[in-house]
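Asks:
Residue numbers (my numbering): 442 to 678.
This is the structure we're talking about:
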């Protein structure tokens, strides 16, 4: 059995990985499962890959386990690839007004609401900022791409593999859906846009059920690319 530490506190990402490795001899270990603090990794890389590799190496050395780390984000065409590697905390860099009072509570908000609710508040603020940035931009030129890079490190910190997953789509003019996380309520994936027509309004990523999302998402794409590596690794242990 391969014990694989996944260095994220994002419950949505953990659920996605656990669904995708179901059936493999792999046990996904979360920071909560570990039961002890980990070093905080400064994500100062200039690319998704640099950040993912740095996190995977540091988590592997800290835990003594094989470690998987990801860096992902949304790259919007007319914003020259922004928010990109700044996606998760984009609204905190240049606030444009919180989506709810909780968005402006900072660390206090995280303590009072808990990490899941605090993340949801930040996601709402990020989505508000994106809509403001694209105000007046025509639907046909609101193209965007979700990108995810996964890095796998051995317990000594050496990088065993990196993979990249992508999902093209377009930014909607208003949020829809309660599923997913991040920019999902605004992201219209290409397969949905291709099906658009009479009787079919293209759904946002947040309106898809988990299996539908896994089949087309950037993270699902990246996870599928890493699964053969994990399968081969588990077979050797």
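Glycine included, every Cβ here is placed at the ideal spot set by N, Cα and C.
Got a sec: does the ligand NAD put a non-hydrogen atom nearer than 7 Å to the Cβ of residue 605?
Replies: Questions concerning the ligand NAD fall outside what the structure shown contains, since it holds no ligand whatsoever.
Asks: Residue 672 and residue 465 - do their beta-carbons sit closer together than 8 Å?
Replies: Yes, Cβ-Cβ distance for residue 465 and residue 672 is below 8 Å.
Asks: At least one CB of chain C closer than 8 Å to the CB of residue 511: is that the case?
Replies: Chain labels in this structure do not include chain C; a single protein chain is all it has.
Asks: Are the CB atoms of residue 593 and residue 443 nearer to each other than 8 Å?
Replies: Their beta carbons are not under 8 Å apart, which means residue 593 does not touch residue 443 by this criterion.
Asks: Helix or strand or just coil, what does DSSP make of residue 622?
Replies: Three-state result, residue 622: coil.
Asks: If we count Cβ pairs, one from each stretch, closer than 8 Å, do we get three or more for the region 576 to 596 versus the region 480 to 494?
Replies: Because the criterion of three Cβ pairs below 8 Å is met, the region 576 to 596 and the region 480 to 494 touch.
Asks: Report the rounded CA-to-CA distance for residue 459 versus residue 469, giving the unit in angstroms.
Replies: In a straight line, the C-alpha of residue 459 is about 7 Å away from that of residue 469.
Asks: What does residue 507 pair with, by DSSP beta-bridge criteria?
Replies: Note: residue 507 sits in a beta bridge opposite 445.
Asks: Taking 8 Å as the limit between beta carbons, can you name the residues of its chain near residue 526, skipping five residues before and five after?
Replies: Result list for residue 526: 484, 486, 487, 488, 489, 492, 512, 514, in chain order.
Asks: Using the Cα positions of residue 455 and residue 447, report the straight-line distance between them to the nearest angstrom.
Replies: Their Cα atoms are separated by approximately 8 Å.
Asks: Among residues of its own chain, excluding the 5 on either side of residue 609, which ones have a beta-carbon nearer than 6 Å to its beta-carbon?
Replies: Only 586, 631 meet the Cβ criterion.
Asks: Tell me the residue span of the beta strand (DSSP E) that contains residue 629.
Replies: Segment 628 to 630, the beta strand (DSSP E) holding residue 629.
Asks: Where does residue 513 sit, in a helix, a strand or coil, going by DSSP?
Replies: Correct three-state label for residue 513: strand.
Asks: Tell me whether residue 524 sits in a helix, a strand or coil according to DSSP, three-state version.
Replies: Looking at residue 524 - three-state DSSP - the assignment turns out to be strand.
Asks: Do residue 611 and residue 580 have their C-beta atoms within less than 8 Å of each other?
Replies: Against a cut-off of 8 Å, the Cβ pair of residue 580 and residue 611 comes out as a contact.
Asks: Can you name the start and end residues of the beta strand (DSSP E) that residue 612 belongs to?
Replies: From DSSP, the beta strand (DSSP E) with residue 612 extends over 600 to 612.
Asks: What's the C-alpha gap between residue 633 and residue 659?
Replies: Distance between the alpha carbons of residue 633 and residue 659: 15 Å.
Asks: If you draw a straight line from the alpha carbon of residue 575 to that of residue 481, how long is it in whole angstroms?
Replies: Near 33 Å, if we compare the C-alpha coordinates of residue 481 and residue 575.
Asks: Just mark residue 583 as buried or exposed, buried being the case when its beta carbon has 16 or more other beta carbons within 10 Å.
Replies: Buried.
Asks: Assuming residue 621 contacts residue 654 (C-beta within less than 8 Å), just tell me the rounded distance between them.
Replies: 6 Å between Cβ atoms; contact.
Asks: Does residue 623 pass the burial test, meaning 16 or more other C-beta atoms within 10 Å, or should it be called exposed?
Replies: Result: buried.
Asks: For the alpha helix (DSSP H) that residue 586 lies in, which residues bound it at each end?
Replies: From DSSP, residue 586 is part of no alpha helix (DSSP H) but of the beta strand (DSSP E) over 584 to 594.
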